[in-house]
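In our numbering, the protein residues as written are 514 to 650.
Below you'll find the structure, written out as structure tokens, and then a few comments.
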Ligand code: NI
């Protein structure tokens, strides 16, 4: 771990009260850890905005009985295989599948891949979780 630095923060009483209530509900042990996470979230958001190398997870829920849908999902993944680290398929019930595609690469390309997969007709829900490669955080 890098050297810890301390700094003071001044803010309105009401804001601090609301913040404490918020972090209490999120299981943080103290304000410092909660503030560290907020800062890291902002830095990760900035990595994505600036088109840097990042990591992410694309989740898709779909009905596997629609064969052309599955073919399309696989075809698109093959077109972006240089970015795909792994994918995991889980059978939720008789009809529905959950596929999670773990990706790394330039944020713009990851967003494009996620948008293409989510836009496939028949995908019931798709989401992109934005995260970081972790270097420097
Ligand atoms: Ni399945």
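We put the beta carbon where it would ideally sit given N, CA and C, even for glycine.
Keep in mind the model is a prediction, meaning the values are calculated, not measured.
Between the ligand NI and residue 602, a heavy atom-to-CB distance of less than 7 Å is present. Residue range 526 to 538 is occupied by the alpha helix (DSSP H) that includes residue 537.
Distance from the C-beta of residue 577 to the nearest heavy atom of the ligand NI is below 7 Å. In the same chain as residue 518, and ignoring 5 residues on each side of it, no C-beta atom comes closer than 7 Å to its own.
Collapsing the DSSP output to three states places residue 547 in a helix.
Nearest neighbour of residue 520 by Cα position, chosen from 625, 571 and 549, turns out to be 549. Runs of the beta strand (DSSP E) spanning 3 or more residues and lying entirely within the segment 572 to 608 occur at 597 to 604, in chain order. Judged by their CB atoms, residue 573 and residue 636 are nearer to each other than the 8 Å cut-off.
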